[in-house]
Every structure is written in structure tokens, then in C-alpha cells.
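Accompanying notes for the structure given below.
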Amino acid sequence: MPHKIGFVVISSSGHEDGFSAKELMVHAPTVNGWRSPRFCQFPQEIVLQMVERCRVRKLQLLAHQYMISSKIEFYISDSLPEYFAPYQAERFRRLGYVSLCDNEKTGCKARELKSVYVDAVGQFLKLIFHKNHVNRYNLYSQVALVAVNIIGDPADCSDESNISSREKLIDHYLGQGSEDSGLDGSYVGKPDYISPLDDLAFDMYQDPEVAQIIRRLDEKKREAVQKERYDHAKKLKQAIADLQKVGERLGRYDVEKRCAVEKEDYDLAKEKKQQMEQYRTKVYQQLELHNLLDSEMIRKPFDFPLTPLVRSASPCQQKSAQSPLHREERTGEKPYVEAFPPAKTQLHSPLNVPPKQQAAVGQRSASNSLSKISVDLLPYDERPLPAVLKQQGETCVEPEKVEEDVSLVPKGSIVGEPEPLTEKALREASSAIEVLGETLVAGAYSKTWSYREDALLSLYNKLMTMPLGTPKEEMKNLLRAAIFLIRRAIKDLVPSVFQASLKLLKMIITQYIPKHKLGKPETTLSVEKTLPNLLTRTGDSSARLRIIASNFIQELALCKEIKPLQIIPTYLVQPLKQNSSTHLAMSQTDLLARLLKDLGTENSGFTVDNVMRFSVSALEHRIYEIREIAMKIILDMYKKHRTLILDYLPADDGNTRKNVLYKTLFEGFAKIDGRAPAADVRAQKKAVAEEAEKQKKEEIKVLQVQLAALREIQAEAQTEKDKESDPGKVKMQDDPQRKAAHPNAPDIPDDHASVANYLDYLCIFCGERDDSFTEEGLDLHYWKHCPMLTRCEHCKQVVEIASLTEHLLTECDKRDKFGKCHRCSEAVLQEELPRHIKVKACNPARSEKLANRCPLCHENFTPGEEAWKSHLIGPAGCTMNLRKAYYLQKTQATQLGKAVDSVMAKSGTPGSKIGSKIPTPKGGLNKSTSRAYTKRCSEVG
2 MPHKIGFVVI SSSGHEDGFS AKELMVHAPT VNGWRSPRFC QFPQEIVLQM
52 VERCRVRKLQ LLAHQYMISS KIEFYISDSL PEYFAPYQAE RFRRLGYVSL
102 CDNEKTGCKA RELKSVYVDA VGQFLKLIFH KNHVNRYNLY SQVALVAVNI
152 IGDPADCSDE SNISSREKLI DHYLGQGSED SGLDGSYVGK PDYISPLDDL
202 AFDMYQDPEV AQIIRRLDEK KREAVQKERY DHAKKLKQAI ADLQKVGERL
252 GRYDVEKRCA VEKEDYDLAK EKKQQMEQYR TKVYQQLELH NLLDSEMIRK
302 PFDFPLTPLV RSASPCQQKS AQSPLHREER TGEKPYVEAF PPAKTQLHSP
352 LNVPPKQQAA VGQRSASNSL SKISVDLLPY DERPLPAVLK QQGETCVEPE
402 KVEEDVSLVP KGSIVGEPEP LTEKALREAS SAIEVLGETL VAGAYSKTWS
452 YREDALLSLY NKLMTMPLGT PKEEMKNLLR AAIFLIRRAI KDLVPSVFQA
502 SLKLLKMIIT QYIPKHKLGK PETTLSVEKT LPNLLTRTGD SSARLRIIAS
552 NFIQELALCK EIKPLQIIPT YLVQPLKQNS STHLAMSQTD LLARLLKDLG
602 TENSGFTVDN VMRFSVSALE HRIYEIREIA MKIILDMYKK HRTLILDYLP
652 ADDGNTRKNV LYKTLFEGFA KIDGRAPAAD VRAQKKAVAE EAEKQKKEEI
702 KVLQVQLAAL REIQAEAQTE KDKESDPGKV KMQDDPQRKA AHPNAPDIPD
752 DHASVANYLD YLCIFCGERD DSFTEEGLDL HYWKHCPMLT RCEHCKQVVE
802 IASLTEHLLT ECDKRDKFGK CHRCSEAVLQ EELPRHIKVK ACNPARSEKL
852 ANRCPLCHEN FTPGEEAWKS HLIGPAGCTM NLRKAYYLQK TQATQLGKAV
902 DSVMAKSGTP GSKIGSKIPT PKGGLNKSTS RAYTKRCSEV G
């Protein structure tokens with residue numbers, strides 16, 4: 002009859018932390034199952050090895066709710082895969098594939114159970130997972146499998162099965178059959194019938210302990226049917242149906258308890274645990290009341306480990322000498338794969354015995370029975386613990402220490418003394434043995450994890466109870482012996498032993514050394530001896546242990562006894578090794594970032610130099626997460642130290658910004674400084690330039706209109722003047738053509754000519770008017786004397802002082818040699834810019850709306866256009882404008898001349914022209930001067 006086939010996982014293409022493929026060997030409500038790595042390449046594969054060569058009849062897969070593979074292929078083989086034994090291996094035979102639903106109809110909240118019926122013989126099964134279905138929950142493009150179940154028959158017993166079936170058929174027709182399959186309700190008279198208890202859905206939703214009891218009751222029911230005890234079989238059938246509901250309920254409680262633990266809601270977890278125990282006890286009492294349950298059916302919860310449920314050994318399996326689980330004992334060769342540790346022995350204890358006494362009674366009864374029974378003849382899931390075998394003198398290969406197995410043995414369930422120390426251990430721990438005694442050190446070196454934990458706890462109690470009057474030399478020897486054992490325990494794979502070592506180390510540093518006043522040297526020694534091992538554990542494959550180790554190191558670094566020593570920061574700023582593990586490098590970087598926030602860079606062991614050297618090297622690391630953390634560290638450092646950080650980074654130019662990391666860093670710096678990013682600055686400058694160009698064109702149009710009007714006024718004024726001075730005025734009046742052209746021409750006042758003359762000899766920048774300001778005179782004035790202008794020292798072009806900074810940055814021929822200081826907003830030579838920024842000697846600039854900025858004296862003054870003239874020309878203005886002195890001297894002379902003319906005018910001195918606001922120049926206005934002014938305006942515009 003087909004039944005559940007046990008298997009082990011021998012290889013997988015990869016897995017996410019905490020979701021190993023070995024999880025598939027466990028069938029229980031709380032299993033995690035297997036998950037592929039994040040953003041993995043497809044296809045992914047898993048290879049399973051069954052306990053014996055089987056004829057597979059049915060495969061069952063329980064898919065994840067949203068990490069769903071689009072297709073899963075099945076392959077089978079009779080020998081090991083090619084990459085394990087390349088010279089003897091056969092190729093896998095493809096059985097087919099199944100497609101999985103994308104689960105969109107259920108909103109990715111239900112899990113699909115897929116059953117595939119096959120008929121294939123082999124011992125190795127390979128599953129190939131193709132690309133995942135895309136949905137909004139699967140952020141990392143993973144595939145997952147919660148559980149897999151194999152149902153079949155032993156292939157090596159096919160001939161014997163045929164013989165026995167033939168014999169049964171003959172006996173049936175002769176009326177000599179001892180069994181009547183028609184009476185067996187479980188099998189319904191079908192040889193290929195598969196029991197519901199072997200279905201994957203049964204184990205995945207049932208409490209493991211209750212599932213085991215249901216299987217035992219099912220066996221009793223079949224026996225009762227064979228013995229024709231139908232009333233008893235009816236009771237058992239009803240009990241099985243009731244227990245299935247009980248098991249589902251307990252399984253639901255267990256899942257809720259686990260969720261509460263993950264959320265760290267320990268009150269709810271404790272409540273669920275008590276609820277489970279009370280409900281379980283009540284059900285067991287009811288079963289016992291109806292004589293349906295005996296003591297050997299009940300195992301305590303820790304006796305049902307999450308190990309593969311393997312069918313009891315068939316006769317063929319017991320005969321087979323090639324089973325991978327027994328090959329080591331028979332031939333002395335190691336098997337290709339390591340089997341998971343065998344399940345623990347039953348506890349034959351009455352229900353009314355307390356739990357602790359139950360464990361002891363169970364161990365004694367198991368020990369007595371083991372002396373009479375060979376281990377090889379026991380079913381796979383009923384084999385005893387290796388530690389129990391050693392107590393009885395049996396030899397058994399101890400399995401590898403696996404982290405998941407340590408919770409299976411309860412504290413205090415192993416009695417006796419630890420095994421004696423080996424010669425190597427005696428030599429290694431000789432100094433510790435002299436101080437602590439051989440018994441305690443033997444416990445710390447024991448292969449049994451509970452002895453190792455008990456040894457550390459005993460040492461903890463011993464150090465806590467040491468009297469104050471003990472000599473210091475003895476206290477130091479005791480301390481160093483304890484540190485020796487702690488260093489060993491920190492490397493322990495068992496979480497409880499590892500945590501016990503941390504507890505002991507913390508007590509030594511925070512209580513033992515201060516209490517006995519052993520001083521800083523002993524504290525330094527304790528930390529330096531244990532810290533390298535602690536840092537190594539931050540790279541552990543278990544996420545839980547990594548977090549514990551990192552948090553403990555952070556706690557130590559902030560401890561008042563260790564913080565002044567500055568030991569831990571010194572270790573953390575060591576450059577990352579390129580060949581170090583991913584977890585170790587990530588933990589070191591993350592720990593440095595956390596401690597840097599807590600300790601800062603003043604008297605903490607962290608300095609700007611060592612932190613920046615570490616961070617800059619981490620920016621080149623191959624792992625993206627490490628580069629991200631390094632960027633955050635650099636940005637945090639920039640907030641506190643600003644320009645000092647720039648010394649460790651390349652210059653901010655176009656080539657550097659091609660690197661995305663540096664571009665992000667420099668944009669982050671700009672945001673911290675309150676500056677717009679470079680892209681925004683460029684866009685803003687472009688917009689300003691376009692607006693200025695547009696405004697310039699509009700001003701040119703307005704000036705052209707104004708010039709045209711001035712020319713017309715000038716022409717009319719010249720005509721009127723000619724009329725007044727020309728004696729042939731009457732002749733002009735009699736000219737019929739002029740009368741026709743201007744029949745009603747108004748009289749033009751003298752003021753028009755005066756205005757034209759005034760504008761023609763005026764500097765439009767400083768407002769100075771001089772008769773010498775012809776076209777050549779104005780050019781000379783602009784080049785040498787105008788106080789509003791200056792010559793660029795680099796391109797020799799005359800520019801306005803107000804726009805000198807913008808000219809140097811955008812227009813000058815040597816503009817590539819200049820950079821802008823974000824503090825004073827002025828143009829500085831690139832080679833001097835780093836020192837200029839670092840010194841911070843410049844006067845900070847204010848917003849353009851609040852103040853103008855002079856590029857000569859580097860001072861801020863009142864905003865507005867008129868303020869520029871006051872600053873650059875006024876006596877109390879800019880002190881660095883070299884042209885101002887010449888302008889002031891000339892102005893004073895002009896004012897003195899005006900004062901003299903005024904006095905002479907009042908005294909009636911001839912030669913002064915009174916009554917005209919703007920005097921007309923001697924030559925009058927002519928076309929040449931008009932053209933010169935137009936040309937100058939066009940150039941200025």
C-alpha cells in the first residue's frame with residue numbers, strides 16, 4: 002500500500018536566511034518552508050534523497066501565497082546527481098511539470114496545494130522552479146515552497162509483494178485467508194489506497210503530538226476491525242474524528258503563539274501557551290476516561306521534534322544494506338548526506354506524574370529498553386538520542402550541531418556527568434583547570450549543549466558570590482580563566498550557550514571588575530580577548546544570532562566602564578576586507594553607523610579621519626547595502642564637520658558626477674547647505690539668461706523709438722535755429738514747398754534742443770556730463786575713469802562692477818578657472834577654492850532681495866539699482882574702487898566752478914547765460930553727434 006516516504010534535502014541552488022531547503026523535511030503548522038534568494042536567477046532547483054529506492058505514486062506541493070513559481074518540473078534518478086559523483090551518476094529522467102495559479106483571485110491570501118499522480122522508480126527527486134508570478138507583494142522576485150510530500154512504495158519489495166498477493170489470492174479462493182480486506186474500513190479493499198493520514202494537508206494543519214496519537218488510534222482501529230471488535234472500532238473512529246478537530250485547533254493556537262512571539266507580544270504568547278496546555282490536558286483526560294488512550298501514546302511536546310516524518314521501516318528497508326542512513330555503520334564509509342538527528346525516545350510515564358519526574362522516568366525506562374533492542378531495528382522516528390546511547394555504553398555517530406535542534410532537549414532532561422576531557426583539551430585548558438577545577442571545565446568542553454550552558458551558569462554564580470576580601474591575584478586568575486571559557490563559548494553554535502557567555506561577560510565587566518576594583522587593565526584585557534570573536538559572530542548565518550551579537554557590542558561600547566577606553570570604535574573603523582562574508586561586512590558597517598550617532602567624534606575613538614577613510618573605502622564595496630550605509634555616514638559627518646569632509650572626496654566636477662554615488666553625495670551636501678542642486682542651478686541660470694536676453698531686446702526697441710523721437714526733435718530744433726539766425730528768413734517763409742509740407746507747424750521751444758544736447762554728452766553709467774564726451778571721449782571715459790565700470794584682469798574687457806562676478810563665472814574667456822563659493826557667492830580661482838572654503842574667512846552673502854554684494858570690497862549694502870551708484874561713487878562707499886578718487890576730485894572741481902559762475906551771475910558779470918536749464922553747446926546739435934550717441938546706446942544695450 003502506498004504510504005508517506007521520508008526524505009532528506011541534499012542540495013539546493015540557494016535560499017534566503019532563515020528559509021533553508023531543510024525546512025521542507027518538516028511537516029507542521031508552523032514551518033517556514035524554503036525561499037529562494039532575493040533577485041535570484043532562474044531556474045532554481047532542489048534535490049531530495051528518499052530513504053530508500055521507491056516507486057513514487059503521488060507528489061504533493063504546498064505553494065506560498067504570493068512567492069509563486071510559474072512552473073515546477075520534476076526529475077527522478079536512481080543514483081546521485083552528476084555533481085556529487087560524476088563518474089557513476091546517471092542523468093535525471095524528466096517526469097513532467099505542473100503550472101501554479103498566480104493567486105490573483107484570492108488576493109494572494111490562500112496557499113495552493115497541488116497533487117500530482119506519477120508512476121516512477123528512483124531514489125533521488127529533483128524539483129526545478131521557474132520564474133515567479135509577478136504581484137505587488139513579491140518585492141524581491143522570489144519563489145517559495147512551504148512543504149513537499151512524497152507517497153509511494155518500496156521498489157525493492159515489488160517481487161515479494163507480487164508473491165504475497167498471489168498467495169493471498171489462492172488462500173482467498175481456498176477459504177484459508179486470515180484477513181478480510183473488505184472488513185478493513187481504512188483501506189476499502191483497494192491495494193493502491195492512500196490513507197488520509199499520509200496526506201500533506203493532514204500534517205500541515207494538525208498539531209504534531211495530536212497527529213501522532215491519531216495515527217496510533219488508527220492502527221488500533223484496524224486491529225479492532227481484524228479482531229471483529231466493532232464497538233471498540235466505532236469508538237476509535239469517533240475519537241479520531243474528534244481529535245482531528247482538536248489537532249487543527251491546537252495547530253491554530255500554535256501559529257497564533259508564534260505570531261505573538263515574532264511581534265514580541267509575550268503576554269499573548271504566554272496566554273496561548275497556557276490555553277494550549279489546558280485544552281490538551283482536558284482532551285487527554287476525556288480520551289483516557291473512555292479507555293481510548295494509554296500512557297505510551299502520549300509524548301510531551303518536546304518529544305515531537307520538527308523532523309521529517311518517516312514511515313516505519315518496511316521489511317525490505319530493514320534488509321537493505323545500501324540505505325544511506327545505515328551505510329556508515331555497516332561499511333565504515335560516510336554517507337553522501339548527513340541525516341537530521343533522529344527523533345527522541347518515548348516517555349512511558351503516567352499522566353499524574355509531574356513533568357520533571359515524567360522526564361526522568363521516561364529517560365530511565367528508555368535506557369532500560371535500549372540495552373535489549375538494537376538501534377538499527379528501531380523505526381526511524383523512534384530512535385533514541387545519542388546522549389542516551391552514550392550513557393548505556395552504545396556507540397553512535399553524533400550528528401552535527403544544528404541550531405534548530407537545540408530546542409528539542411529540555412533543560413534538566415539529561416542527567417549524569419559530562420564526558421571526561423581529551424588529552425588535547427587538557428593541554429589547552431590546563432590554566433583554567435588549575436583555577437576552576439576539571440569538572441567545570443569538562444562541562445564547558447562537553448559535546449552536550451546543556452552541560453556547556455550549565456558550566457557557564459555555574460561560573461556566573463561563582464563569580465557573583467566571591468567575597469570582597471579575596472586576594473586580587475586570585476581574583477585576576479579567576480577572571481582570566483573565565484575569559485578563556487567565554488572566548489570558547491562565544492563561538493558556540495547553540496543560541497542558549499552563546500547567550501549564557503554574553504551574560505557572563507557582561508557581569509564580569511559591569512559588576513565583577515568594579516566590585517573588586519581590578520582596574521582598567523583587566524577591563525581592557527577582557528574586551529580585547531573577546532571582541533574579535535564577538536565581531537565574527539556578527540557575520541553568523543543566523544539572523545537572530547547576528548542581531549544578538551551586534552546589539553551586545555553596541556551595549557558594551559556605551560557601557561561606562563568601556564566607553565572611556567575607546568576600544569570598540571578602533572576595531573570597527575578597520576577597512577573592510579574584500580573577501581569577508583557579506584553578513585560580517587554589513588554588520589560591521591551598520592554597527593559603526595549606529596555607534597557613531599551615539600558616541601560622536603569627540604573623545605570616543607571615532608575621528609573624522611578614521612571614519613572618513615573607512616566610509617570612502619566602503620563606497621567602493623561590491624555590496625549595495627554597504628555602499629548605502631557608507632553614504633549615510635558621510636552625509637551625517639558633513640552635517641557636523643562640513644568642509645573637513647570634502648578633503649577626503651574627489652573634486653566636485655563633471656567627471657566625478659558621472660559616478661552616481663558621488664553625484665548623490667554632492668547633491669546631499671547641497672541640500673544640507675540649503676543650496677539648490679547643480680541641475681537646478683543650471684536650469685535657473687539658463688532661465689535667467691533667457692529672461693535677460695528677452696529684456697535686452699525689449700530695451701533696444703524702446704531706445705530705438707526714443708532715439709528716433711530725439712532725432713526728429715533735434716532736426717526741428719536745428720531748423721528753428723536756422724530761421725532765427727538766417728537773414729533770408731522772408732525768403733524761406735515764401736517758399737511754397739515748405740508751406741505745403743508744414744502748413745500748421747507749431748513753434749518748437751528751446752528746451753528740446755537742450756534735452757538732446759544733455760543726453761548726447763552724458764555717461765549713462767555714472768551720470769557725469771562733460772563737453773568732452775564725444776564718441777571718442779566716452780570710450781576713453783569708460784576705459785579709464787568711469788567709477789561704475791572696471792576692467793577684467795583676465796580678458797581685459799570693460800564690464801560693470803555690479804556684474805563682475807557673473808562675468809567671471811559665465812562670460813570671461815578664463816571662466817573655467819573660476820568657481821563659486823557657496824558662502825560668499827563670489828567667483829574664486831579653482832586652485833584657491835578648497836582653501837577659501839576651508840578657512841571660512843569670507844563674509845557671508847545675503848539674499849539679493851535683502852542686500853547687494855560688492856565684488857571689490859566684499860561687503861553687503863542696501864539693495865536696489867540706485868544703491869550701487871551711492872556705494873561705488875559716494876565718499877562713504879566702496880573703499881576698493883580705485884576710480885572713485887579721480888571721480889571725486891573732478892566732481893569737486895566742477896562744483897567749485899559752478900559756485901564761481903553763480904557768484905558772477907549774481908554780480909551781473911557778462912558771459913553767463915541765464916534762463917536756460919540745459920545750455921546749448923557751442924557747435925549746436927548736429928547729425929554726427931546724434932549718430933555717436935545712438936551707437937553708444939546700442940553698444941551699452
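For what it's worth, my numbering labels the leading residue of the sequence shown as 2, then goes sequentially. Cβ atoms here follow ideal geometry from the backbone N, Cα and C, with glycine treated the same way. Computed from a predicted structure; not experimentally measured.
The C-beta separation of Gly606 from Thr644 comes to about 23 Å, leaving the pair out of contact by the 8 Å criterion.
Annotation for Lys821: the continuous beta strand (DSSP E) segment containing it runs 819–821. Contact between Leu577 and Leu592 is ruled out by a C-beta separation of about 12 Å, above the 8 Å threshold. Burial check for Phe40: the Cβ neighbour count within 10 Å stays below 16, so the residue is exposed. Taking Ala433 as reference, the option from Met476, Glu694, Phe499 with the minimal CA-CA separation is Met476. Fewer than three pairs of CB atoms, one per stretch, sit closer than 8 Å, so the segment 508–520 makes no contact with the segment 449–460.
Per DSSP, reduced to three states, the secondary structure at Phe125 is strand. Tyr572: member of the alpha helix (DSSP H) spanning 568–573, first to last residue.
Distance from the CA of Lys815 to the CA of Leu809, rounded to the nearest whole angstrom, comes to 7 Å.
Collapsing the DSSP output to three states places Gln207 in coil. Excluding five sequence positions before and after Pro876, the CB atoms of its chain that fall closer than 8 Å to its own CB belong to Leu889, given in chain order. When rounded, the separation of the alpha-carbon atoms in Val135 and Leu114 is 19 Å. Secondary structure of Ile838 (DSSP, three-state): helix.
One thing to note: Pro30 has its Cβ within 8 Å of the Cβ of Val256. Listed in chain order, the non-local C-beta contacts of Ser447 below 7 Å within the same chain comprise Pro419, Glu420, Arg453, local neighbours out to five positions each way being set aside.
Exposure of Tyr887 is indicated by the presence of fewer than 16 other C-beta atoms within 10 angstroms of its C-beta. The continuous alpha helix (DSSP H) containing Tyr663 extends over residues 661–674.
Sequence-distant Cβ neighbours of Thr791 in its own chain, meaning closer than 6 Å and more than five residues away, are Ile802. Excluding sequence positions up to five before and after Ala111, its CB lies within less than 7 Å of the CB of Gln66, Asn104, all in the same chain and listed in chain order.
The C-beta separation of Tyr194 from Met26 comes to about 26 Å, leaving the pair out of contact by the 8 Å criterion. By the Cβ criterion, the segment 258–275 is not in contact with the segment 217–226, since fewer than three pairs of Cβ atoms, one from each stretch, lie closer than 8 Å.
Looking at the DSSP output, Glu801 bridges to Leu790. The residues Thr811, in chain order, have a CB closer than 8 Å to that of Lys686 in the same chain once the five nearest residues on each side in sequence are set aside.
Sixteen is the threshold: since fewer than 16 other Cβ atoms of the shown chains lie within 10 Å of the Cβ of Pro197, the residue is exposed. Secondary structure note for Gly153: its beta strand (DSSP E) is the uninterrupted segment 145–155.
Note that the segment 760–773 touches the segment 782–801; at least 3 beta-carbon pairs, one per stretch, sit closer than 8 Å. The segment 464–482 makes no contact with the segment 492–499: fewer than 3 CB pairs, one atom from each, lie closer than 8 Å. Residue pairing by DSSP places Ile47 opposite Ser13, Leu128 in a beta bridge.
Restricted to the segment 412–484, the alpha helix (DSSP H) segments that are unbroken, complete and at least 4 residues in length are 424–429, 431–437, 439–446, 450–465, listed in chain order. As the crow flies, the alpha-carbon of Leu834 is around 11 Å from that of Lys841. Remark: C-beta atoms of Gln50 and Phe125 approach each other more closely than 8 Å. Under the three-state reduction of DSSP, Lys59 is assigned to strand. Only residues of its own chain outside the window of five on either side were considered, and among them Phe43, Ser71 have a CB closer than 7 Å to the CB of Lys132, listed in chain order.
Taking 8 Å as the cut-off, the Cβ atoms of Lys839 and Gln831 do not count as close.
Separation of Ala619 and Thr657 (C-alpha to C-alpha, rounded to the nearest whole angstrom) is 17 Å. Of the other Cβ atoms in all chains shown, 16 or more fall within 10 Å of the Cβ of Asn882; this residue is therefore buried.
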